[in-house]
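What follows is a single structure, written as structure tokens, with notes after it.
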């Protein structure tokens, strides 16, 4: 290439600004040159490309077969012309002819530009996919770039990548503005026609789980384990936790000094209520705990129906056990995996 310095500077700039490796771009340029040669030299793609970034060297050679009479100018070269390049060559051998980039012409240059442009897009897609993949099923901080005033959906920036948060994946209390820093959960990553697509959410149950992992050191180091999560986003979450160390109170660790840990999460979730209960392998104890804040008098596991039970509560605790529009009972059932039939005390007397 005539001005190798400019080419190498451009590649270096792309690497710094877009994070696309020079090796990736040189590979795309090589493929572009091979395509251009194939188009310009009657399908001949026997091309040698010598790139030395350190020396600023970029040379292109087209290999042709030495013949007595040339019938295919793209693939063949006469003996007299070949010996100008390599005096020792002979009929039937191949010689490498150094090409001037001007020989590629307008079509070849355009082909190279198009492939390089596509290479940049592919590189960016690859980097975006890599970034999202590394954060799959993780809690991340995103910056709100734009909010659609009609739908309420938001365009976010996560690292160097862009993502879309639909209204359906937001909390009812969410009211974002441009520039806001918000927590989101990357539930999945897919490769689409227009590039990688991250499915992000603020209503996914695992979002609360990840928030507690970040906020509670005892969960992060494995002393306390989150066994189950049941969530009705924006309203209430029930979290079942278990301590592997008898000296560590699982519920107390999650609540934190003066409620600091759980309050930080509640604030981030716009006031969503969080019930933290102790997990127990005994389903009777676990179901009784899951119906908190209601008091439970008795749990009767049905021996004939799988994962089904009847729970007896004090007469004045029935509405508390069931909860507003059945929410407390519904979340307890999700948490324990049991169908729970709640009855007041007077019905068994």
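In our numbering, the protein residues as written are 1 to 349.
From the three backbone atoms N, C-alpha and C, an ideal C-beta is built for every residue, glycine too.
These numbers were taken from a predicted model, which means no experiment stands behind them.
Item	Value
Member of 190, 238 and 224 whose CA lies at the smallest distance from the CA of residue 207	238
Sequence-distant residues of the same chain with beta carbon closer than 6 Å to residue 99, five excluded per side	60 and 62
Limits of the unbroken alpha helix (DSSP H) element including residue 297	No alpha helix (DSSP H) holds residue 297; DSSP gives it neither H nor E.
Sequence-distant residues of the same chain with beta carbon closer than 6 Å to residue 108, five excluded per side	Caution is warranted here: a pLDDT of 47 is assigned to residue 108, below 50, making its placement in the model unreliable, and the coordinate value is therefore given only provisionally. So the qualifying residues of the chain are 36 and 40.
Buried or exposed (CB count within 10 angstroms, at least 16 for buried), residue 105	The predicted position of residue 105 is uncertain, since its pLDDT is 44 and thus under 50; a value taken from the coordinates is nonetheless stated next. Counting Cβ neighbours within 10 Å, residue 105 comes out exposed, since fewer than 16 surround it.
Beta strand (DSSP E) segment containing residue 164, residue limits	161-165
Per DSSP, the bridge partner or partners of residue 309	301 and 340
Helix, strand or coil at residue 228 according to DSSP, with G and I counted as helix	strand
Nonlocal neighbours in the same chain, by C-beta distance under 7 Å from residue 223, ignoring five residues either side	243, 244, 245 and 248
Chain-order list of residues whose beta-carbon lies under 7 Å from that of residue 169 (same chain, five-residue window excluded)	200, 201, 202 and 203
For residue 8, the three-state DSSP class (helix, strand or coil)	helix
CB-CB length for residue 254 against residue 241, believed under 8 Å	6 Å
Alpha-carbon spacing of residue 32 relative to residue 331, whole angstroms	59 Å
Sufficient close CB pairs (3 or more, under 8 Å) joining the stretch 298-318 to the stretch 260-278	no
Local Cβ density within 10 Å of residue 68, reported as buried at 16 or more and exposed below that	exposed
Host alpha helix (DSSP H) of residue 213 (start-end)	205-215
Residues near residue 43 in its chain [Cβ-Cβ closer than 7 Å; skip 5 each side]	74
7 Å Cβ shell around residue 323 - same chain, five flanking residues per side excluded	329
Nonlocal neighbours in the same chain, by C-beta distance under 6 Å from residue 88, ignoring five residues either side	none
Reduced DSSP secondary structure (H/G/I, E/B, other) of residue 246	coil
Spatial distance of residue 410 from residue 24 (CA atoms)	Absent from the structure is residue 410, since the part of the chain shown begins at 1 and ends at 349.
7 Å Cβ cutoff met for residue 179 and residue 167	no
With 16 other Cβ atoms within 10 Å as the buried cut-off, status of residue 231	buried
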